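Asks: First the structure, then my questions, so here it is.
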Amino acid sequence: MGFFNLWERFKSEHTIITMNESLQTQVSATNGKMSNGLADRHEVAEGLRYAHFRADANTGKLLEVASFLYAAIDLLNQKGLLDLAELDERKKQAATNIVEKFTERGMGVVYQKPEYDKYKFEGEAKIDCENRIHLCHAACCKLRFALSKQDVEEGIVRWNFSAPYLIARGEDGYCQHLNREEKCCSIHAHRPVPCRAFDCRNDKRIWLDFENNMVNPQINDPSWPANLEQKDTALAEEKN
Ligand code: SF4
Ligand code: SF4
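Going by the working numbering, the letters in the sequence shown line up with residues -9 to 230, in that order.
So this is what it looks like as structure tokens:
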């Protein structure tokens, strides 16, 4: 395999996140049904999605070059010659490692994985929230999680402009869609899959003893769960 072909294969294999779909989503019909504020926000969101697409494309290209270079340097350094097959393998590993590091640092965009059609999702957790909300204060709606492409393209669920596409939260740490007074979801029919699937019963961050209605008192800390997130960044994935 020639160098050019190898490079072309590398590029096609290591485009980190493609967002062509986002460019195809030029929402116009739904804007007519929105209030001015919502329509404005939707336009800003679309603009940001385009900006994220461009930034992400650049990040993807940079990753290609960096991973190729690191692999080549590594191999040349160790063997003193260039073997394309070995370089190909080494480059894949290097690219994977770099992607993991970028993901850890919040560079690029994050989507829910795996993605399900939320309107056909059948794994919904059955919990008597109405009888427990006075105890848990809807703590689950403070957890951080990534939206799906379906959520983002639908344009109903808000995402964090500074951390695409994590759910948007208010200064109080709650999801922006939580009705603060009623402690209920204002977009219940459109809520993301993690909200449908999340089962708090065995989540010790929330319930010390679910059956006996014993909440974890830590949920009353205003910084919850950010304090936990600082200790364990993996929490970001737990509601997915
Ligand atoms: S923490 Fe559990 S009981 Fe409370 S609102 Fe969330 S899902 Fe319902
Ligand atoms: S979308 Fe609704 S159920 Fe999901 S976190 Fe926000 S308020 Fe809670």
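We treat Cβ as the ideally placed atom computed from N, Cα and C, and that holds for glycine. Only a predicted model underlies this, so the values are computations on that prediction, with no experimental measurement involved.
Going by C-alpha to C-alpha distance, which of ARG44, LEU137, PHE151 sits closest to HIS180?
Replies: For the residues ARG44, LEU137, PHE151, the minimum Cα distance to HIS180 belongs to LEU137.
Asks: For VAL205, which of helix, strand or coil comes out of DSSP?
Replies: Correct three-state label for VAL205: strand.
Asks: What is the rounded straight-line gap between the Cα of ASP189 and the Cα of ILE196?
Replies: Taking the straight line joining both Cα atoms gives about 11 Å.
Asks: Looking at the structure shown, is HIS4 part of a helix, part of a strand, or coil, going by DSSP?
Replies: Per-residue confidence for HIS4 stands at a pLDDT of 38, beneath the threshold of 50, marking its modelled position as unreliable; no derived number is given.
Asks: Using the Cβ count rule (16 or more neighbours within 10 Å means buried), how would you classify SER213?
Replies: Exposed, by the Cβ-count rule.
Asks: Assign THR20 to one of three DSSP states: helix, strand, or coil.
Replies: Because THR20 carries a pLDDT of 46, less than 50, the predicted location of this residue cannot be relied on, and the following value inherits that uncertainty. It is helical.
Asks: State yes or no: is the C-beta of ARG122 nearer than 8 Å to some heavy atom of ligand 1?
Replies: Correct: ARG122 has its Cβ closer than 8 Å to ligand 1.
Asks: Report the residue from VAL100, PRO184, ASN150, CYS174 whose alpha carbon sits nearest the alpha carbon of ASP107.
Replies: Cα-wise, what sits closest to ASP107 is PRO184.
Asks: Note the first and the last residue of the continuous beta strand (DSSP E) segment covering LEU198.
Replies: Unbroken beta strand (DSSP E) run through LEU198: 197 to 199.
Asks: What are the start and end residues of the alpha helix (DSSP H) that includes ALA187?
Replies: Residues 183 to 187.
Asks: Using DSSP with H/G/I as helix, E/B as strand and the rest coil, what is ALA216?
Replies: Three-state result, ALA216: helix.
Asks: Does any heavy atom of ligand 2 sit closer than 8 Å to the C-beta of ILE177?
Replies: Checking every heavy atom of ligand 2 against the Cβ of ILE177, one is found closer than 8 Å.
Asks: Taking the alpha-carbon positions, what's the ASN203 to ARG122 distance?
Replies: So the alpha carbons of these two residues sit roughly 8 Å apart.
Asks: Can you tell me which residues form a DSSP beta bridge with ASN169?
Replies: Per DSSP, CYS174.
Asks: State the Cα-Cα distance for the pair LEU59 and THR86, rounded to the nearest angstrom.
Replies: The alpha-carbon atoms of LEU59 and THR86 are separated by roughly 14 Å.
Asks: Of all the options LEU71, ALA84, GLY37, PHE135, which has the alpha carbon lying nearest to the alpha carbon of GLU105?
Replies: Taking only the C-alpha atoms, the option nearest GLU105 is PHE135.
Asks: Got a sec, what are the start and stop residues for the alpha helix (DSSP H) ILE142 sits in?
Replies: With the sequence shown as reference, residue 142 is identified as Val, and Ile is not the correct amino acid for it. Counting along the chain, the alpha helix (DSSP H) containing VAL142 begins and ends at 139 to 144.
Asks: Got a sec? Which residues, its chain only, sit under 6 Å from ALA84 by beta carbon, not counting five neighbours each side?
Replies: Once the five neighbours on either side are set aside, the close Cβ partners of ALA84 are SER57, TYR60, ALA61.
Asks: Consult DSSP for ILE88 and reduce its assignment to one of helix, strand or coil.
Replies: In this structure, ILE88 counts as helix in the three-state DSSP scheme.
Asks: State yes or no: is the beta carbon of ALA35 nearer than 9 Å to at least one beta carbon in chain C?
Replies: Of the protein chains in this structure there is only one, and it is not chain C.
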